[in-house]
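**Student:** Going by our numbering, the sequence shown opens with residue 1, and the numbers climb by one from there. All residues carry an ideal CB built from backbone N, CA and C; glycine is no exception. Dropping the structure in here first, questions after.
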Amino acid sequence: MKIIIIGGGISGLSAAYYAQKLVPDGQITLIEASDRWGGKITTQRVPFEAGDFIIEGGPDTFLATKPWGVTLCQELGLSDRLHGTNPHHKNTYVLHHNRLEPLPDGLAMMVPTDIPSILKSRLVSWPGKVRMGFDFLLPAHNGHHDESLGSFVSRRLGREAYENLIEPLMSGIYAGNGDRLSLQSTFPYLQDLESKHGSLARGALQMRKQMAARGSSTQGSRSAFLTPTTGLSEIVEALVTNLTHNGVEMRLNTQVSSIAYQDVAASWQVELENGESLQTDGVILAAPAFASASILSRLDPDLASVLQSIPYTSTATVTLAYRQSDLSRQLDGYGYVIPRREGRRALACTWTSTKFPHRAPSGCSLIRVFVGRAGQESDIRWDKDSLLELAREELELTLGITAEPLVSRVFIWEQAMPQYNLGHPEKLAKIEAALEKYSSLALAGNGYRGIGIPDCIHSGEMAIEKIISAHAQKCADMNLHILENSAHPG
Ligand SMILES: Cc1cc2nc3c(=O)[nH]c(=O)nc-3n(C[C@H](O)[C@H](O)[C@H](O)COP(=O)(O)OP(=O)(O)OC[C@H]3O[C@@H](n4cnc5c(N)ncnc54)[C@H](O)[C@@H]3O)c2cc1C
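Here it is in structure tokens:
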């Protein structure tokens, strides 16, 4: 069996990993357009005096509560390399009227559950706090119709709680506009809390109790977020070693231009930009949705146009290293998020070396500024010098840092964050319906059912399962055909 996987980010690498595991005698080829593996995952290890700065260009951690990331790391022998977030300085701050205010305690899955802590918080005014309390009284909406995250949270907790508490947290994940994001596609559990418990806070409290009970018997005090010692690229490096060792053909600097299906041979023809043409039984497209749209445009223009309609937002990260003695403020938490209404061009700032202390040599601090959110791309100059200037302005304004950084790195991610806007569930239904025609073609990647690393790994695994079951069906049909012909020769 021949399988070609297009796209060498974490989704494509995972698809290749599960392909060689499930079909050890298969001929598997992984094709990547750029000159390196990992896609959005990239780590730079910068030596400095007594140690290294570990600088993540894209993601810096993954969620442990979704099992697929942890499982893959276990299988790759990386379990002992995984670190949780620092349990000693867990504060997160929110920029509010140009000051950093702590996020109230007891936010369970983004829902406030600790009433005294909300009452103390300066992030929401007294009328806003009273409005939040309505969540216990308001009737639940019936039915499962989709609505935007902004409309849902404003309906339950009030607009002020949405803008000052929930929107900045959500932005840190999707870089999106909450008034456009589909609740069903981004935070479906919020809708479940409302329908099952009649109130977000009641539901979140209940779930927190259940999770605590489960956690104490299984996971102990393990962190919800994990990352390998020298950065997420460890996962990419382990995958590449594993795949190379197991005979997967790995092709960098190779762009796929289109694919076509050949009925007679019941196989796929994969056309490369360099003019080469490859034959295969199954294809997995693990590129961003718009790139897969371009590859499919000749084969199936309707499917391509749905894929093309999934919007992506550009983002950038700017990492800066300082001596601790150059900082006027202690970085006593994981960092801060910036609500859209503050009007800043930065989205959030992670105090990396507090969140993960092993990421900076002793006596030094590492800070990462996120830039770019849906609808504000034109406010930003997308070149490295301007982004560095923007990040330094942000740090001066909020943290009073004026020192020259010891090290700085800027990563620009053009069209990187898919936006699961209202209508996304309908797009997924159309994509699934269109794919029914092609049993040996599957899609994987962050454009569809989850943008986090565990979701991407899962998407790769699911894609390979589809291809394998299509191949098993094809073999069964062929055997039946041979049997029928031998029973009725001539
Ligand atoms: C700044 C940033 C921070 C993030 N932080 C986190 C985080 O902390 N935790 C988390 O879980 N997630 C995070 N995410 C999200 C997560 O990193 C991504 O969703 C995930 O890495 C996407 O993986 P992927 O393989 O689906 O896509 P990609 O990484 O985009 O890989 C797709 C690959 O396909 C290749 N390709 C495209 N077209 C072709 C073609 N025609 N032929 C061949 N190859 C092609 C591309 O070159 C690319 O390498 C973050 C994302 C960004 C940008």
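1. So is ALA360 in contact with chain B if we call contact Cβ pairs under 8 Å?
2. Helix, strand or coil for GLN330? Go by DSSP, reduced to three states.
3. Which stretch, first to last residue, makes up the alpha helix (DSSP H) that contains LYS355?
4. So the candidates are VAL236, ALA204, LEU232; which of them puts its Cα closest to the Cα of SER14?
5. Roughly how many angstroms lie between the CA atoms of LEU285 and TYR420, to the nearest whole one?
6. Is it buried or exposed, HIS471, if we count other Cβ atoms within 10 angstroms and call 16 or more buried?
7. When you compare only the Cα positions, how much space is there between ARG81 and SER408?
8. Per the DSSP calculation, ARG368 is bridged to which residue(s)?
9. Would you check if the distance between the CB atom of VAL369 and the CB atom of ALA346 is smaller than 8 Å?
10. Given 7 Å as the limit, tell me if GLN491 has its C-beta closer than that to any heavy atom belonging to ligand 1.
11. Compare the beta carbon distance of LEU441 and VAL256 with 8 Å and say whether it is the shorter of the two.
12. Report buried or exposed for ASN485, applying the criterion of at least 16 other Cβ atoms within 10 angstroms of its Cβ.
13. For CYS456, tell me which candidate among ALA201, LYS120, ASN446 has the shortest Cα-Cα distance.
14. At a cut-off of 7 Å, would you count LEU63 as near ligand 1, judging by its Cβ distance to the nearest heavy atom?
15. Out of GLU160, TRP37, PHE48, ALA291, state which residue places its alpha-carbon closest to the alpha-carbon of VAL306.
16. Suppose you measure from the CA of SER79 to the CA of ARG359; what does that come to, to the nearest Å?
17. Could you give the uninterrupted runs of the beta strand (DSSP E) lying entirely in the region 132-183, keeping only those of 3 residues or more?
18. Any idea which residues DSSP pairs MET1 with across the strands?
19. Throw me the rounded Cβ distance for the ILE380 and LEU95 pair, which I believe falls under 8 Å.
20. Considering LEU119, what are the terminal residues of the beta strand (DSSP E) in which it resides?
21. Anyone know if the C-beta pair for GLY333 and ALA348 falls short of 8 Å?
22. Going straight from the alpha carbon of GLN184 to that of GLU147, what length do you get?
23. Could you tell me which uninterrupted alpha helix (DSSP H) segments, each at least 4 residues in length, are contained entirely in the region 6-58, listed from first to last along the chain?
24. Identify whether ALA442 lies in helix, strand or coil by the three-state DSSP scheme.
25. If you run the structure through DSSP and keep just helix, strand and coil, what is SER486?
26. I want to check one thing, is the minimum distance from the CB of PRO59 to the heavy atoms of ligand 1 below 7 Å?
27. What does a CB cutoff of less than 6 Å around SER195 pick up in its chain, not counting 5 residues either side in sequence?
28. Taking Cβ positions, are GLY133 and GLU160 nearer each other than 8 Å?
29. Might you give, ordered along the chain, the residues of its own chain that have their beta carbon closer than 6 Å to the beta carbon of GLY452, omitting 5 neighbours on each side?
30. Applying the criterion that 16 or more other CB atoms from any shown protein chain within 10 Å of the CB defines a buried residue, is ILE482 buried or exposed?
31. Who are the near neighbours of SER469 in its chain, counting only those whose CB is closer than 7 Å to its CB and skipping five residues on each side?
32. Using the C-alpha atoms, what's the distance from LEU278 back to GLN269?
33. Consult DSSP for GLN219 and reduce its assignment to one of helix, strand or coil.
34. So, helix, strand or coil for TYR312, using DSSP?
35. Note down the Cα distance separating HIS424 from ALA434, rounded to an integer number of angstroms.
36. Report all residues from its chain with a CB closer than 8 Å to the CB of ALA260; omit the five preceding and five following residues, and keep chain order.
**Tutor:** In short, the structure shows the following:
1. This model lacks chain B altogether, as it is built from one protein chain only.
2. Translated into the one-based positions of the sequence shown, residue 330 becomes position 330. Note: GLN330 maps to coil in three-state DSSP.
3. Indexing the sequence shown from 1 puts residue 355 at position 355. 352-355 is the extent of the alpha helix (DSSP H) around LYS355.
4. As a first step, residue 14 is located in the sequence shown; it is residue number 14 there, counting from the start. Nearest option by C-alpha distance: VAL236.
5. As a position in the sequence shown, residue 285 is number 285, starting the count at 1. As a position in the sequence shown, residue 420 is number 420, starting the count at 1. Looking at the two C-alpha atoms, the distance is approximately 19 Å.
6. Here residue 471 corresponds to residue number 471 of the sequence shown, with the count starting at 1. HIS471 should be labelled buried.
7. Residue 81 sits at position 81 when you count from the first residue of the sequence shown. Residue 408 sits at position 408 when you count from the first residue of the sequence shown. Distance between the alpha carbons of ARG81 and SER408: 26 Å.
8. The count along the sequence shown starts at 1 and reaches residue 368 at position 368. The partner list for ARG368 (beta bridge, DSSP) reads THR319, THR350.
9. In the sequence shown, residue 369 corresponds to position 369, counting from 1. In the sequence shown, residue 346 corresponds to position 346, counting from 1. Against a cut-off of 8 Å, the Cβ pair of ALA346 and VAL369 comes out as a contact.
10. Because the chain is modelled from 1 through 490, residue 491 falls outside the range shown and cannot be assessed.
11. The count along the sequence shown starts at 1 and reaches residue 441 at position 441. The count along the sequence shown starts at 1 and reaches residue 256 at position 256. No. Outside cutoff.
12. As a first step, residue 485 is located in the sequence shown; it is residue number 485 there, counting from the start. ASN485 should be labelled exposed.
13. By 1-based counting over the sequence shown, the position of residue 456 is 456. Checked all of ALA201, LYS120, ASN446; the closest Cα to CYS456 is ASN446.
14. Along the sequence shown, read from residue 1 onward, the residue named residue 63 stands at position 63. LEU63: yes, Cβ under 7 Å from ligand 1.
15. As a position in the sequence shown, residue 306 is number 306, starting the count at 1. For the residues GLU160, TRP37, PHE48, ALA291, the minimum Cα distance to VAL306 belongs to ALA291.
16. One-based indexing of the sequence shown puts residue 79 at position 79. One-based indexing of the sequence shown puts residue 359 at position 359. Cα-Cα distance, rounded: 18 Å.
17. none
18. One-based indexing of the sequence shown puts residue 1 at position 1. Answer is none; MET1 lacks a bridge partner.
19. Taking the first residue of the sequence shown as position 1, residue 380 is located at position 380. Taking the first residue of the sequence shown as position 1, residue 95 is located at position 95. Not really, about 18 Å apart at Cβ, beyond 8 Å.
20. Residue numbering aside, residue 119 sits at position 119 when the sequence shown is read from its first letter. Run containing LEU119: none in the beta strand (DSSP E); it sits in the alpha helix (DSSP H), 115-120.
21. For the purposes of this step, residue 333 is taken as the residue at position 333 of the sequence shown. For the purposes of this step, residue 348 is taken as the residue at position 348 of the sequence shown. No. Outside cutoff.
22. Stepping through the sequence shown from its first residue, residue 184 is reached at position 184. Stepping through the sequence shown from its first residue, residue 147 is reached at position 147. The alpha-carbon atoms of GLN184 and GLU147 are separated by roughly 8 Å.
23. 10-22
24. Looking up residue 442 in the sequence shown gives position 442. ALA442: strand per DSSP, three-state reduction.
25. By one-based count along the sequence shown, residue 486 stands at place 486. In this structure, SER486 counts as helix in the three-state DSSP scheme.
26. Along the sequence shown, one-based indexing puts residue 59 at 59. Indeed, a heavy atom of ligand 1 lies less than 7 Å from the Cβ.
27. Taking the first residue of the sequence shown as 1, we reach residue 195 at position 195. Excluding sequence neighbours, SER195 sits near ALA140.
28. Taking the first residue of the sequence shown as 1, we reach residue 133 at position 133. Taking the first residue of the sequence shown as 1, we reach residue 160 at position 160. No. Outside cutoff.
29. In the sequence shown, counting from the first residue as 1, residue 452 sits at position 452. Excluding positions up to five away in sequence, the list reads LEU63.
30. One-based indexing of the sequence shown puts residue 482 at position 482. Classification for ILE482: exposed.
31. Working through the sequence shown from its first residue, we reach residue 469 at position 469. Cβ within range, chain order: n/a, list empty.
32. To locate residue 269, count along the sequence shown from 1; it is residue 269. To locate residue 278, count along the sequence shown from 1; it is residue 278. One C-alpha to the other measures close to 6 Å.
33. Taking the sequence shown and counting its residues from 1, one reaches residue 219 at position 219. Unreliable placement is indicated for GLN219, whose pLDDT of 46 sits below 50; the coordinate value is still reported in the next sentence. In the structure shown, GLN219 sits in coil (DSSP, three-state: anything other than H, G, I, E or B).
34. Here residue 312 refers to the residue found at position 312 when the sequence shown is read from its first residue. TYR312: strand per DSSP, three-state reduction.
35. Counting from one through the sequence shown, the residue named residue 424 turns up at place 424. Counting from one through the sequence shown, the residue named residue 434 turns up at place 434. Those two C-alpha atoms are separated by around 15 Å.
36. Numbered from its first residue, the sequence shown carries residue 260 at position 260. Contacts found: TRP268, GLN269, GLU271, ARG298, LEU299.
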